[in-house]
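So that you can map any letter, position 402 of the sequence shown is 402 in UniProt numbering, and since no number is skipped, the others follow by simple counting. Don't be surprised by glycine CBs; every beta carbon is placed ideally from N, CA and C. A quick write-up on the structure given underneath.
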Amino acid sequence: MEGRARIAIEAVHPQIDCGRFAVQRVVGDEMVVRADVFSDGHDEVVAVLLYRRMGEERWLETPMQRLDNDRWQGSFLLGTPGFYQYTIMGWVDHFRTWQRDLQKRFEAGQDVAVDLQIGGKILEQAVAEAGEEDAARLREAVAALSAERNQEGAVALGLDTRLSDLVSTCCARGLATRYQKELVVRVDRQKALFSSWYELFPRSLGEEGRHGTLRDCIGLLPDVAELGFDVLYLPPIHPIGSSKRKGKANAVEAGPDDPGSPWAIGSEAGGHKAVHPELGTIEDFGDLVREAEKHGIEIAMDLAFQCSPDHPYLKEHPEWFKWRPDGTVQYAENPPKKYQDIVPINFETPQWEELWEELKGVVFFWMDQGVRIFRVDNPHTKPFPMWEWLIGKAKEKSHDVIFLAEAFTRPKIMARLAKLGFSQSYSYFSWRNSKREITDYLMELTRGDTSEFMRPNFWPNTPDILTEFLQYGGRPAFMIRLVLAGTLSSSYGIYGPVYELCVGMPEKQGSEEYLDAEKYEIRQWDRKAPGNIRELIITLNRIRREYSALQRTNNVTFLESDDDSVLFYVKVAKQRKSSLLVAVNLDPFRARTAKLRVPLDLFGLAPGQSYLLHDLVSGERSIWEGGMTTVRLDPQVNPACIYRISTWQKRESDFDYYF
1 MEGRARIAIE AVHPQIDCGR FAVQRVVGDE MVVRADVFSD GHDEVVAVLL
51 YRRMGEERWL ETPMQRLDND RWQGSFLLGT PGFYQYTIMG WVDHFRTWQR
101 DLQKRFEAGQ DVAVDLQIGG KILEQAVAEA GEEDAARLRE AVAALSAERN
151 QEGAVALGLD TRLSDLVSTC CARGLATRYQ KELVVRVDRQ KALFSSWYEL
201 FPRSLGEEGR HGTLRDCIGL LPDVAELGFD VLYLPPIHPI GSSKRKGKAN
251 AVEAGPDDPG SPWAIGSEAG GHKAVHPELG TIEDFGDLVR EAEKHGIEIA
301 MDLAFQCSPD HPYLKEHPEW FKWRPDGTVQ YAENPPKKYQ DIVPINFETP
351 QWEELWEELK GVVFFWMDQG VRIFRVDNPH TKPFPMWEWL IGKAKEKSHD
401 VIFLAEAFTR PKIMARLAKL GFSQSYSYFS WRNSKREITD YLMELTRGDT
451 SEFMRPNFWP NTPDILTEFL QYGGRPAFMI RLVLAGTLSS SYGIYGPVYE
501 LCVGMPEKQG SEEYLDAEKY EIRQWDRKAP GNIRELIITL NRIRREYSAL
551 QRTNNVTFLE SDDDSVLFYV KVAKQRKSSL LVAVNLDPFR ARTAKLRVPL
601 DLFGLAPGQS YLLHDLVSGE RSIWEGGMTT VRLDPQVNPA CIYRISTWQK
651 RESDFDYYF
């Protein structure tokens, strides 16, 4: 420890759990870092932000600016995906302190002859410490300062900011203090932040009861692209076991034609590195990935680390499973629920290292087939250290890989998974319905430390989740939740055909399971049947692509609405005049009329100035004036509006007005 070092560096932000985990960002983000940097006494302090790509030796630096109360801020631009390190260094700057005091004394009319000599001595010391090129420039400054006979001219030379920058850059850091930690930011590609997901079961794409294939899936790609989705997520495509196979509606006994649950992975045809024979071949899957790319779509692979009783792992590695005293393998349970067709892996096996390597091999196999997005089934039931290791290895193979955590579990577990490296996370959005519930939850996600490491992906429904709101709200409920998901979160997804057709019939009252659930049987869907919300989906996804305000999640601010059933918020764009206003009727049964307060200052509008309001959903335009306005939202017709504000200007040449 250097006892003469006088700088304290505290409250560095962002950092997660004292630097234990990486902060998450995407390519193109400005990495803003703040810290308290101060010294004893009254000397001038300088702080710089140091950063480098992980693995590089040379640190780059950028100056930090003082905010207030010894709080400093600096930033750097994040380039290609990967890991970056950052830290802070600060020091007492005696030359800047001298400049400050010199200026005060001179402006007070004091004789500063001795002060100028002191400044010269500081510069001479700097010459001795500087490199050759900088030393030459400093000698010129010393000579000029000594030669100047006019005190006013000498003061002007001494106060040159270029001189203080040179001294500070090359030779003022002998007693600098460096923050004791090198913090890490993980930089993902843009799709980790902004993506639109469409889920479907390929086996349901066949006609007249025929088992659908991956080739059928290729044929559907133009339609998925027309809907505006850029991620096509497929439930597991692996062979399905026969033993303990579930029948329709999760029946314990399967009929001869029941296909079983895709999550019961493994049969004589193979395990996690194989394709279900009725779906096609590995070559078909490769063709699907390549054809999807032509349409601007990526294939998301379901990663479910569990087995059917017929999975080859049970014979090849019985030590990876739990066996009951009667010699049978322990199947999955969530008492009183039983999942006889699924065998969980025993991650406490003494052979855990071999198990981890095999699971890494599964991920690498599909990465070699072109997959860069994985939706992970129930990651919260597998060990945290395994995920940190496995995601880290996958990132080493390709920094482009994205992992979505399907973990509807306790908040701290969801947060831990995000910290460990999951790029996106399922959320509680599905069950947040009222204005208070939605605003509170979005504040939880977008403010504070959670926003530094967890990126939500909003899903109004999944094959496992049919909420009461969708069950009872009918078609308006599906439209409402679609707009909320696609405007509140930069990433969202729908369980596709079911959502397009507003299917809301539960298995039974009080259940969130679908009647005739597609998890257990093949369903054919007429996706353009009357009552579908296809056009709204297309419109919403087009708006999301065209307006950057909807491509981030943490830029939401909730605004005043006098009706608790009308949610009003603004998504703020980097160019603030490109921000969007969103009004949503949360009541699927009744039309609502609400007074809304428009944030005029955000859009650079003066009180009393008129402006054009363009509803990007309906296409309607209207002229508003002032901060308060009224909107009527009919859930049957227009449950939501997405407004773009334009101001108008007068053309002096012909006195016309234009927007």
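- Within the model, the alpha-carbon separation for A47 versus I122 is close to 20 Å.
- Excluding sequence positions up to five before and after P639, its CB lies within less than 8 Å of the CB of P476, M479, I480, V483, V584, N585, P588 and L633, all in the same chain and listed in chain order.
- Distances from the CA of P235 to each of A5, E406 and V503 were compared; the closest alpha carbon is that of E406.
- Take L559, set aside five residues on each side of it, and the residues of its chain with a beta-carbon closer than 8 Å to its own are F568, Y569, V570, L581, L596, R597, V598 and P599, in chain order.
- The beta carbon of D564 sits closer than 6 Å to the beta carbons of K435 from its chain, once the five residues preceding and following it are set aside; these are given in chain order.
- Rounded to whole angstroms, E124 and V114 show a C-alpha spacing of 15 Å.
- According to the DSSP assignment, I118 belongs to the alpha helix (DSSP H) that extends over A113 to E129.
- Per DSSP, the beta-bridge partners of C641 are A583.
- For the pair A141 and L163, the CB atoms are nearer than the 8 Å cut-off.
- Per DSSP, the continuous alpha helix (DSSP H) segment holding F106 begins and ends at H94 to E107.
- For G474, the uninterrupted alpha helix (DSSP H) run begins and ends at E468 to L488, by DSSP.
- The Cβ-Cβ distance between T446 and N554 falls below 8 Å.
- Counting C-beta pairs closer than 8 Å gives fewer than three between the segment 237–257 and the segment 317–327, which falls short of the contact rule.
- For M31, there is no enclosing alpha helix (DSSP H); the enclosing beta strand (DSSP E) has its first and last residue at E30 to S39.
- Using a C-beta cut-off of 8 Å, the segment 220–237 makes contact with the segment 281–292, since at least three inter-stretch Cβ pairs fall below that distance.
- Annotation for S164: the continuous alpha helix (DSSP H) segment containing it runs T161 to C171.
- T213 counts as buried, since no fewer than 16 other beta carbons sit within 10 angstroms of its beta carbon.
- Annotation for S75: E30, M31, V32, V33, L49 and T62 place their beta carbon closer than 8 Å to its own, counting only its chain and skipping 5 residues before and after.
- Taken through DSSP and simplified to helix, strand or coil, I297 comes out as coil.
- Residues of the same chain with a CB within less than 6 Å of the CB of R592, apart from the 5 flanking positions on each side, are D563, S565, V566, N585 and L633 in chain order.
- Assigned with DSSP and collapsed to three states, Q306 falls in strand.
- Short of 6 Å from the beta carbon of S267, and not among the five residues preceding or following it, lie these beta carbons of its own chain, in chain order: P239, G241 and D310.
- The C-beta of G496 has 16 or more other C-beta atoms within 10 Å across all chains shown, which makes the residue buried.
- R4 is not a Cβ neighbour of W91, given a cutoff of 8 Å.
- The criterion of a C-beta distance shorter than 8 Å is not satisfied by E500 and P506.
- Taken through DSSP and simplified to helix, strand or coil, R66 comes out as strand.
- Residue pairing for T630: DSSP places it in a beta bridge opposite K595.
- In the structure shown, H380 falls within a helical segment according to DSSP collapsed to helix, strand and coil.
- In the same chain as L442, and ignoring 5 residues on each side of it, the C-beta atoms closer than 7 Å to its own belong to L488 and V556, in chain order.
- The straight-line gap separating the alpha-carbon atoms of Y492 and S423 is approximately 13 Å.
- Excluding its 5 nearest sequence neighbours in each direction, L78 has C-beta neighbours in its own chain below 8 Å: R25, V26, V27, G28, D29, E30, M31, Y84, V185 and V187, listed in chain order.
- Taking all protein chains in view, the Cβ of A300 is crowded by 16 or more other Cβ atoms within 10 Å, so the residue is classified as buried.
- Taking C-alpha positions only, G228 is separated from E353 by approximately 42 Å.
- For V142, the uninterrupted alpha helix (DSSP H) segment begins and ends at E132 to A147.
- For Q151, the uninterrupted alpha helix (DSSP H) run begins and ends at Q151 to G158, by DSSP.
- Using a Cβ distance threshold of 8 Å, Y520 and G247 count as a contacting pair.
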